[in-house]
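Numbering (this note's numbering), first residue to last: 96 to 421.
Ideal placement from N, C-alpha and C gives every residue a C-beta, glycine not left out.
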Amino acid sequence: MEDNARPVGFFIHPDASLHDTGWGHPEHQGRLRAVASAVGQDLLAIDGKVIQVEPGKIEDQDILRVHTESHLKTLRQAVEISTEESRLVSIDPDTIVSPNSLNAACGSTSALVTAVKMVHGGELSTAFVATRPPGHHATADRAMGFCLVNHVAIAARWLQVNCNVQRVLIIDWDVHHGNGTQDIFYRDGSVYYFSLHQWPHFPGSGSIGEIGEGAGAGMTKNVPVKARTSASEYCGLFLDNLEQVLGSFDPEFILISAGFDVMEGDPLGDLCLEPEDLHFLTAEILRRAPKECGVTVTLEGGYDPKRTGLGVKAVLRALAAVDLDR
Ligand SMILES: [Zn+2]
Numbered sequence: 096m097e098d099n100a101r102p103v104g105f106f107i108h109p110d111a112s113l114h115d116t117g118w119g120h121p122e123h124q125g126r127l128r129a130v131a132s133a134v135g136q137d138l139l140a141i142d143g144k145v146i147q148v149e150p151g152k153i154e155d156q157d158i159l160r161v162h163t164e165s166h167l168k169t170l171r172q173a174v175e176i177s178t179e180e181s182r183l184v185s186i187d188p189d190t191i192v193s194p195n196s197l198n199a200a201c202g203s204t205s206a207l208v209t210a211v212k213m214v215h216g217g218e219l220s221t222a223f224v225a226t227r228p229p230g231h232h233a234t235a236d237r238a239m240g241f242c243l244v245n246h247v248a249i250a251a252r253w254l255q256v257n258c259n260v261q262r263v264l265i266i267d268w269d270v271h272h273g274n275g276t277q278d279i280f281y282r283d284g285s286v287y288y289f290s291l292h293q294w295p296h297f298p299g300s301g302s303i304g305e306i307g308e309g310a311g312a313g314m315t316k317n318v319p320v321k322a323r324t325s326a327s328e329y330c331g332l333f334l335d336n337l338e339q340v341l342g343s344f345d346p347e348f349i350l351i352s353a354g355f356d357v358m359e360g361d362p363l364g365d366l367c368l369e370p371e372d373l374h375f376l377t378a379e380i381l382r383r384a385p386k387e388c389g390v391t392v393t394l395e396g397g398y399d400p401k402r403t404g405l406g407v408k409a410v411l412r413a414l415a416a417v418d419l420d421r
């Protein structure tokens, strides 16, 4: 079947919006509402090309391929305290747990796992998964930077175990470095981690010298960019480095960690991308990806809800091969 005959999948787990971080927290419940609203308003352009798909379920063992038992236990205990005492529980000053937080996080991961399964199986051409909370700062044993579980890391391992996928490329364009994802695969030769991020910036990692170790040596590529780098310079850096990555690594699947905090005006970043830049970069990734390589996009950051909605709309149009100016 031709690629454009297959639909693009759009996923939001119903529990994702129930993760409550409290009044004034940038990663708040309105973010996904803004995303759903922007996508809903764009139905005229994407109708027939994008379908919403119900997420399936994942098991603890899927999570435990990436995270430690003690990490999962810590999260469950925090949820338990939050439920019993009817209050929010802080894991650290940024990272908050409410009664529905683990359902939201693991439900979001299950949505991504369903997406990669359906893309790999050929039922969908590509997919966009609107997760909450984000995942790329979560390490194997630590929740941080709003993140509880690492969605893309779990999906990468799921593909390797269940679909015989050998080589996975993670492209992370969130304005923050995905320290958790990097850390999980730092000594792994089967998962390549490629990140562009504002630097210096939270969480502090992601220097150009961090390239992986052991079997993973040369399988991490960090491209730190200065605050206020222009969109055209950013896109040039992105594509030059993507070319280098694809020249040395032949992925069977690409997981994009899409942070919309890379956009102009985001309260937690100082980069300058516009929706058309994200449309362009998404289309370029699809164009340059090896034939038969699956691609899914996962929402990470993005803290101006309206702009995040416009960014998601642009990326979704690129996945559906629809121009942005229609
Ligand atoms: Zn971010």
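For ligand 1, any of its heavy atoms closer than 7 Å to the Cβ of residue i?
{"i": "G143", "result": "no"}
{"i": "V270", "result": "yes"}
{"i": "G354", "result": "yes"}
{"i": "L350", "result": "no"}
{"i": "G230", "result": "no"}
{"i": "L219", "result": "no"}
{"i": "L167", "result": "no"}
{"i": "G307", "result": "no"}
{"i": "E395", "result": "yes"}
{"i": "L243", "result": "no"}
{"i": "L363", "result": "yes"}
Reducing DSSP to helix, strand and coil, say where residue i ends up.
{"i": "G275", "result": "helix"}
{"i": "D399", "result": "coil"}
{"i": "A210", "result": "helix"}
{"i": "Q124", "result": "coil"}
{"i": "I193", "result": "Per the sequence shown, the amino acid found at residue 193 is Ser instead of Ile. Coil at S193, not helix or strand."}
{"i": "C330", "result": "helix"}
{"i": "Q261", "result": "coil"}
{"i": "S177", "result": "helix"}
{"i": "L219", "result": "coil"}
{"i": "V184", "result": "strand"}
{"i": "V224", "result": "strand"}
{"i": "L411", "result": "helix"}
{"i": "D335", "result": "helix"}
{"i": "L243", "result": "coil"}
{"i": "M96", "result": "Note that M96 has pLDDT 45, beneath the 50 cutoff, so the model's placement of it is unreliable and the number below is only indicative. Here M96 sits in coil by DSSP."}
{"i": "V286", "result": "strand"}
{"i": "L394", "result": "strand"}
{"i": "P229", "result": "coil"}
Applying the 10 Å Cβ sphere with the 16-neighbour rule, what's the burial state of residue i?
{"i": "V256", "result": "exposed"}
{"i": "E347", "result": "buried"}
{"i": "G404", "result": "buried"}
{"i": "G397", "result": "buried"}
{"i": "G273", "result": "buried"}
{"i": "L139", "result": "exposed"}
{"i": "E424", "result": "A question about residue 424 goes unanswered here, because the residues of the chain that appear run from 96 up to 421."}
{"i": "I303", "result": "exposed"}
{"i": "N245", "result": "buried"}
{"i": "D399", "result": "buried"}
{"i": "M96", "result": "Low per-residue confidence applies at M96: pLDDT is 45, beneath 50, and the placement is therefore not dependable, though the value from the model is reported in the following sentence. Exposed."}
{"i": "W118", "result": "exposed"}
{"i": "D157", "result": "buried"}
{"i": "P385", "result": "exposed"}
{"i": "E387", "result": "exposed"}
{"i": "P188", "result": "exposed"}
{"i": "P150", "result": "buried"}
{"i": "N259", "result": "exposed"}
{"i": "D345", "result": "exposed"}
{"i": "K316", "result": "buried"}
{"i": "S165", "result": "exposed"}
{"i": "S343", "result": "exposed"}
{"i": "Q293", "result": "buried"}
{"i": "D418", "result": "exposed"}
{"i": "K168", "result": "exposed"}
Please confirm whether residue i has its beta-carbon closer than 8 Å to some beta-carbon of chain C.
{"i": "A353", "result": "Any reference to chain C falls outside this structure, which holds one protein chain only."}
Query raised in the report: What are the complete beta strand (DSSP E) segments, minimum 3 residues, inside the stretch 291 to 327?
Result: 315 to 320
Requested in this report: Write down every uninterrupted run of the alpha helix (DSSP H) in the stretch 341 to 392 whose length is 4 residues or greater and which is fully enclosed by it, in chain order.
Outcome: 370 to 383
**Report entry** Ordered list of alpha helix (DSSP H) runs contained in the stretch 101 to 164, each at least 4 residues
**Finding:** List check, alpha helix (DSSP H) in window: 125 to 136, 138 to 141, 155 to 159.
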